[in-house]
Amino acid sequence: MKLQLGSTLAVSLAMLAQTEAFHQQVIQPQSSFQKSAKSEPSLEDLWGSLWPYQGIQTFAHLEHNQCLLDKSQDFDIAVIGVPFDTAVTYRPGARFGPQGIRKSSQRQTSLRGFNYRAGINPYDNWANVMDCGDIPVTPMDNKLALRQMTEAFENLLIDRNSTLSLKQGSKNVTIPRLVALGGDHSITLPALRTVSQLHGNITVIHFDSHLDTWSPDKFPSFWDSDIGDFNHGSMLWMAQQEGLLAKDGNMHVGLRTRLSGTTYEDYEDDIDVGFERIHADDFVELGVKGIFEKIEKYLGENDEERLSRKIYISVDIDVLDPSAAPGTGTMEVGGIMSRELIYLLRALDKYNIVGADIVEVSPPYDPLEVTQLAGAQVAYELITSMVKNGPIVKELL
Numbered sequence: 257m258k259l260q261l262g263s264t265l266a267v268s269l270a271m272l273a274q275t276e277a278f279h280q281q282v283i284q285p286q287s288s289f290q291k292s293a294k295s296e297p298s299l300e301d302l303w304g305s306l307w308p309y310q311g312i313q314t315f316a317h318l319e320h321n322q323c324l325l326d327k328s329q330d331f332d333i334a335v336i337g338v339p340f341d342t343a344v345t346y347r348p349g350a351r352f353g354p355q356g357i358r359k360s361s362q363r364q365t366s367l368r369g370f371n372y373r374a375g376i377n378p379y380d381n382w383a384n385v386m387d388c389g390d391i392p393v394t395p396m397d398n399k400l401a402l403r404q405m406t407e408a409f410e411n412l413l414i415d416r417n418s419t420l421s422l423k424q425g426s427k428n429v430t431i432p433r434l435v436a437l438g439g440d441h442s443i444t445l446p447a448l449r450t451v452s453q454l455h456g457n458i459t460v461i462h463f464d465s466h467l468d469t470w471s472p473d474k475f476p477s478f479w480d481s482d483i484g485d486f487n488h489g490s491m492l493w494m495a496q497q498e499g500l501l502a503k504d505g506n507m508h509v510g511l512r513t514r515l516s517g518t519t520y521e522d523y524e525d526d527i528d529v530g531f532e533r534i535h536a537d538d539f540v541e542l543g544v545k546g547i548f549e550k551i552e553k554y555l556g557e558n559d560e561e562r563l564s565r566k567i568y569i570s571v572d573i574d575v576l577d578p579s580a581a582p583g584t585g586t587m588e589v590g591g592i593m594s595r596e597l598i599y600l601l602r603a604l605d606k607y608n609i610v611g612a613d614i615v616e617v618s619p620p621y622d623p624l625e626v627t628q629l630a631g632a633q634v635a636y637e638l639i640t641s642m643v644k645n646g647p648i649v650k651e652l653l
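So my numbering is basically just the index in the sequence shown, starting at one, shifted up by 256.
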């Protein structure tokens with residue numbers, strides 16, 4: 257009996273000692289947890305580091321400025337949301353794309369942004385990458401919306417130098433770049449209008465399951481209107497009509513949609529617009545490395561020709577298989593996987609990418625947020641490629 261009481265007392269004393277130690281070290285931590293003996297911590301040291309799920313949601317926790325309200329605000333790469341989806345021909349919802357992509361970019365930060373394939377951290381390098389907020393686009397009048405988006409992109413890029421210009425001086429004026437978060441795919445037209453003013457004719461690499469070079473008269477309706485001509489399936493046709501595109505080198509990657517009528521007339525029209533085509537089925541036969549070789553061939557016969565191109569990359573998230581991106585308006589089965597898309601985007605980092613967009617991300621259809629996560633990763637890869645390629649010097653254009 258005495259032995260049992262002694263054992264119980266010993267256990268109790270040991271537990272009490274552990275409790276007191278826990279109280280001293282955790283509930284009342286030692287001074288080494290509170291303050292550094294070497295220097296007084298700054299407010300930034302104390303409160304400046306956030307976990308990914310904390311803080312106001314900007315893209316990748318980047319600095320946010322309302323760039324459209326302040327022409328004196330300089331940047332090297334502008335991330336801007338375009339919450340517009342009233343030019344769709346099927347399911348709406350992409351107006352919530354910018355919010356969704358920003359939300360799913362929260363694990364990207366300058367502290368954990370190093371891209372192992374590129375060997376750089378795009379958020380901690382020469383470029384000032386800035387979240388410029390959203391374009392306030394009307395959802396009620398597509399003609400007005402097109403004008404708003406065009407003027408907003410012009411406000412964002414025209415007559416605005418990158419921050420690098422301020423460091424290097426007037427002899428090396430550099431031009432800022434654009435990464436637009438859509439929004440439906442029609443936003444590509446106003447973006448191309450603006451970058452073509454800065455760079456001349458643009459080579460478009462278009463990742464999509466659909467052509468988007470359809471003439472408006474191809475759509476099945478007797479009722480015609482100028483406003484209806486502008487939609488997410490005709491914007492590349494309109495860009496060609498306006499003389500914005502390069503005469504060759506433009507291409508679609510990931511096609512698999514059905515065509516109009518009973519012949520290949522859609523493809524014939526697509527050739528007239530100036531595009532080459534790479535189908536999703538080609539990935540099975542050629543593999544992703546073979547696909548990239550085909551892309552390079554379309555861009556030119558030699559590196560000098562390819563590297564001289566001013567390239568705009570447009571990524572419709574429905575290029576991915578619905579299993580990888582269910583949150584979009586016009587899904588097509590049999591698509592490529594996110595791994596293949598990211599491989600190709602990474603392989604393009606040696607080329608002069610002057611602008612890009614990620615479109616048709618529609619969060620309402622994907623409660624698991626897989627689609628917007630893919631969109632955020634695409635944006636990260638595009639920004640990385642722009643930073644790795646270096647600044648665009650105005651004198652060389």
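A virtual CB, placed ideally from N, CA and C, is assigned to each residue, including glycine.
Worksheet entry | Cβ-based neighbour list, A383, same chain, cut-off 6 Å, excluding 5 preceding and 5 following | Only residues of its own chain outside the window of five on either side were considered, and among them D332, I333, V643 have a CB closer than 6 Å to the CB of A383, listed in chain order.
Practice prompt. Could you check the C-alpha separation between D656 and M386 for me, to the nearest Å?
Written response: Since the first residue of the chain shown is 257 and the last is 653, residue 656 is not available in this structure.
Item to complete: Pick out the complete alpha helix (DSSP H) segments inside the region 526–589, 4 residues or longer, and give them in chain order.
Response: Listed in chain order, they are 536–555, 559–563.
Worksheet item: Given that a residue counts as buried once 16 or more other Cβ atoms are within 10 Å of its Cβ, and exposed if not, what is V540?
Response: Looking at its Cβ environment, which holds fewer than 16 other Cβ atoms inside 10 Å, V540 is exposed.
Discussion item. Among the candidates Y346, S328, A350, whose CA atom is the shortest distance from the CA of V249?
Written reply: Any answer about residue 249 is impossible in this case: the structure gives the chain only from 257 up to 653.
Discussion item. Please report the distance separating the alpha-carbon of E616 from that of E557.
Written reply: Cα-Cα distance, rounded: 33 Å.
Worksheet entry | T394 burial status per 10 Å Cβ neighbour count (16 or more: buried) | Classification of T394: exposed, given that the 10 Å Cβ count is below 16.
Worksheet item: Straight-line CA distance for S328 to V589?
Response: The alpha-carbon of S328 is positioned some 46 Å away from that of V589.
Practice prompt. In the DSSP assignment, find the alpha helix (DSSP H) that holds M735 and state where it starts and stops.
Written response: Any question about residue 735 goes unanswered here, given that the chain covers just 257 to 653.
Worksheet entry | T430, buried or exposed, once every other Cβ within 10 Å from all chains shown has been counted against 16 | Buried: at least 16 other Cβ atoms inside 10 Å.
Practice prompt. Give every residue of the same chain whose Cβ lies closer than 8 Å to the Cβ of I736, excluding the five residues on either side of it in the sequence, and list them in chain order.
Written response: Nothing can be reported for residue 736: it is not among the residues displayed for the chain, which extend from 257 to 653.
Worksheet item: In three-state terms, what does DSSP make of R595?
Response: The answer is helix: DSSP assigns R595 an H, G or I state.
Worksheet item: Applying the criterion that 16 or more other CB atoms from any shown protein chain within 10 Å of the CB defines a buried residue, is Q364 buried or exposed?
Response: Buried: at least 16 other Cβ atoms inside 10 Å.
Discussion item. So the candidates are E549, I443, C323, L302; which of them puts its Cα closest to the Cα of L600?
Written reply: That would be E549, whose Cα lies nearest to the Cα of L600.
Worksheet item: How many Å lie between D380 and N371 at the Cα?
Response: Per the coordinates, the alpha-carbon of D380 lies some 11 Å from the alpha-carbon of N371.
Item to complete: Output the boundary residues of the alpha helix (DSSP H) element that contains I639.
Response: Run containing I639: 626–645, per the alpha helix (DSSP H) assignment.
Discussion item. Quick check on the DSSP output: what are the complete alpha helix (DSSP H) runs of length 4 or more inside the region 383–417, in order along the chain?
Written reply: Qualifying alpha helix (DSSP H) stretches, in chain order: 398–413.
Discussion item. For L437, tell me which candidate among E410, Q453, S618 has the shortest Cα-Cα distance.
Written reply: Among E410, Q453, S618, the Cα nearest to that of L437 belongs to S618.
Discussion item. Assuming R433 is part of the alpha helix (DSSP H), what are its boundary residues?
Written reply: Residue range 433–438 is occupied by the beta strand (DSSP E) that includes R433, with no alpha helix (DSSP H) assigned at that position.
Practice prompt. Measure the CB-CB distance between V232 and L492 and report whether it falls below 8 Å.
Written response: Outside the shown range of the chain, which is 257 to 653, sits residue 232, and nothing can be said about it.
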